[in-house]
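The next block holds one structure in the form of structure tokens; read it before the comments.
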Amino acid sequence: MKSFRIETYGGPLREFDTNTPKPTGTEVLLKVRAAGVCHTDLHIWDGGYDMGGGKMLKMADRGQTLPHTMGHETVGEVVSFGPECKEVKAGDVRLIYPWIGCGKCAVCRADTEQLCPNPRYLGVFSHGGYADHIVVPHPRYLIDIGSMTAEQAAPYACSGLTAFSALKKIGKERLAEPILIIGAGGLGLMCLSLLKAMGAKGAVVADLDSAKREAAMKAGALATVDPASPDAASQISKAIGGPLWAVVDFVGAPASWTLALGTLSKGGYYVVVGLYGGEMMLSLPAIPLRALSVFGSFVGSRPELIELIDLAKSGKIPSIPITKRPLSEVNDALIDLKKGKQVGRAVLVP
4 MKSFRIETYG
14 GPLREFDTNT
24 PKPTGTEVLL
34 KVRAAGVCHT
44 DLHIWDGGYD
54 MGGGKMLKMA
64 DRGQTLPHTM
74 GHETVGEVVS
84 FGPECKEVKA
94 GDVRLIYPWI
104 GCGKCAVCRA
114 DTEQLCPNPR
124 YLGVFSHGGY
134 ADHIVVPHPR
144 YLIDIGSMTA
154 EQAAPYACSG
164 LTAFSALKKI
174 GKERLAEPIL
184 IIGAGGLGLM
194 CLSLLKAMGA
204 KGAVVADLDS
214 AKREAAMKAG
224 ALATVDPASP
234 DAASQISKAI
244 GGPLWAVVDF
254 VGAPASWTLA
264 LGTLSKGGYY
274 VVVGLYGGEM
284 MLSLPAIPLR
294 ALSVFGSFVG
304 SRPELIELID
314 LAKSGKIPSI
324 PITKRPLSEV
334 NDALIDLKKG
344 KQVGRAVLVP
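According to our numbering, the sequence shown holds residues 4 to 353 in order.
Okay, structure coming up:
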């Protein structure tokens, strides 16, 4: 089995040749057909998350061991499975739900495994899809993608699911009015596509990169704004044309926090998704005085992914830009993403 793994944090991923695993029990072995390259992979590659104030949440401290195979947006074809697995057959092409928990705690029993305090996320704590094969512990994590191509379906496991879950936190009432999306990377463009499919009003998009703002307009943004402009807040207000009830922040940096809180109306919802990092001082009375609701949104649940894929299979979600690259170009794909050169999603194909 070929895989590309982190040997040292921040260093180039190295190709490994190992024995192809043999599934046991309820395990399923799949041949990887497509693996999305996600911004979260950059944090894992760097070894952790910038928590602000000089603090870092290290992957090693969270239980990750090296060498490690990243890749949590994976579509694979079933090759074989353990004797206790009855729900799939060889040749099935499935999207993998990677946010796997312990399976025993309260949140896992509630089918919100992404919140498990002892996670086994594929590509994060267990080996993921930057390989030609992957093992999934149970067929319940395999989702039928219908007639979608593997590279089209792969980003739904994180990019699509994350945007979908964030929008559901906002609710239908606030989505009946234009919202602000901060960040027009793969997540922001996916969010625009989902707004259309969900019958929402639409969004104004803020991004520093002119190429990404152009991509957002092509994806159906009502307007785009450069957040570095001195009058960015007034541009947003003019483009919204009324009170701004909701912001989805796919950046998660001090500057995006400032922009969001400076533009939200009283009673507004601020959903923080991005993990760029840093910290901000917060005037606590401002939250109740303005009746603001601040949400942290981490990927989404398995039922939400099933709901999302059903929506995608209906043909209602416009496709985001996809760049197919061979698995051997994984290091180049990560570097391009880190430098902000990637528009839409890069997907590795073994």
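Here a beta-carbon is modelled for each residue, glycine too, at the ideal position from N, C-alpha and C.
Coarse secondary structure for residue i, derived from DSSP in three states
| i | result |
| --- | --- |
| Met193 | helix |
| Met62 | coil |
| Tyr159 | helix |
| His75 | coil |
| Ser83 | strand |
| Pro142 | helix |
| Glu18 | strand |
Contact set for residue i: own chain, Cβ-Cβ below 6 Å, skip 5 residues either direction
| i | result |
| --- | --- |
| Gln238 | Val228 |
| Pro257 | Gly281 and Met283 |
| Pro324 | Val346 and Gly347 |
| Val110 | Leu118 and Cys119 |
Inter-residue spacing [alpha-carbon to alpha-carbon] between residue i and residue j
| i | j | result |
| --- | --- | --- |
| Ala203 | Ser196 | 10 Å |
| Asp64 | Arg8 | 19 Å |
| Asp53 | Gly280 | 5 Å |
| Gly174 | Lys58 | 34 Å |
| Asp114 | Pro233 | 45 Å |
| Pro291 | Tyr273 | 14 Å |
| Lys199 | Lys215 | 19 Å |
| Thr261 | Gly277 | 14 Å |
| Lys221 | Gly255 | 24 Å |
| Gly318 | Pro353 | 27 Å |
| Leu295 | Lys25 | 51 Å |
| Leu340 | Leu351 | 13 Å |
Range of the contiguous alpha helix (DSSP H) that encloses residue i
| i | result |
| --- | --- |
| Ser296 | Careful: Ser296 lies outside any alpha helix (DSSP H), inside the beta strand (DSSP E) at Ser296 to Gly299. |
| Ile338 | Val333 to Lys341 |
| Thr261 | Pro257 to Thr266 |
| Val127 | Element bounds for Val127: n/a, residue is neither H nor E. |
| Asp49 | His42 to Asp49 |
Cβ-based neighbour list, residue i, same chain, cut-off 7 Å, excluding 5 preceding and 5 following
| i | result |
| --- | --- |
| Asp44 | Met73 and Leu337 |
| Ser168 | Ser300, Val302, Gly303 and Glu307 |
| Met62 | Ile47, Gly50 and Gly51 |
Enclosing beta strand (DSSP E) for residue i [first to last residue]
| i | result |
| --- | --- |
| Met283 | Counting along the chain, Met283 falls outside any beta strand (DSSP E), and DSSP gives it neither H nor E. |
| Leu98 | Val96 to Ile99 |
| Glu355 | Residue numbering for the chain in the displayed model covers 4 to 353; residue 355 lies beyond these limits and cannot be assessed. |
| Pro350 | Note that residue 350 is Val in the sequence shown here, rather than Pro. Looking at the DSSP string, the run of the beta strand (DSSP E) that includes Val350 is Arg348 to Val352. |
| Lys204 | Counting along the chain, Lys204 falls outside any beta strand (DSSP E), and DSSP gives it neither H nor E. |
| Thr252 | It is Asp, not Thr, that sits at residue 252 in the sequence shown. Where Asp252 is concerned, the enclosing beta strand (DSSP E) stretches over Ala249 to Asp252. |
Own chain partners of residue i with C-beta closer than 8 Å, once the 5 adjacent residues on each side are dropped
| i | result |
| --- | --- |
| Gly131 | Ala38, Thr72, Met73, Gly74, His75, Thr77, Pro101, Leu125 and Ile137 |
| Ala236 | Leu262, Gly265 and Thr266 |
| Thr11 | Leu69 |
Touching or not, the region 305-321 and the region 277-296, by the rule of three or more beta carbon pairs under 8 Å?
no
Would you check if there are 3 or more beta carbon pairs closer than 8 Å linking the region 97-112 to the region 43-51?
no
Is the region 143-155 in contact with the region 22-42, if contact means three or more CB pairs nearer than 8 Å?
yes
Would you check if the region 181-199 and the region 157-168 touch, i.e. whether three or more CB-CB distances between them fall below 8 Å?
yes
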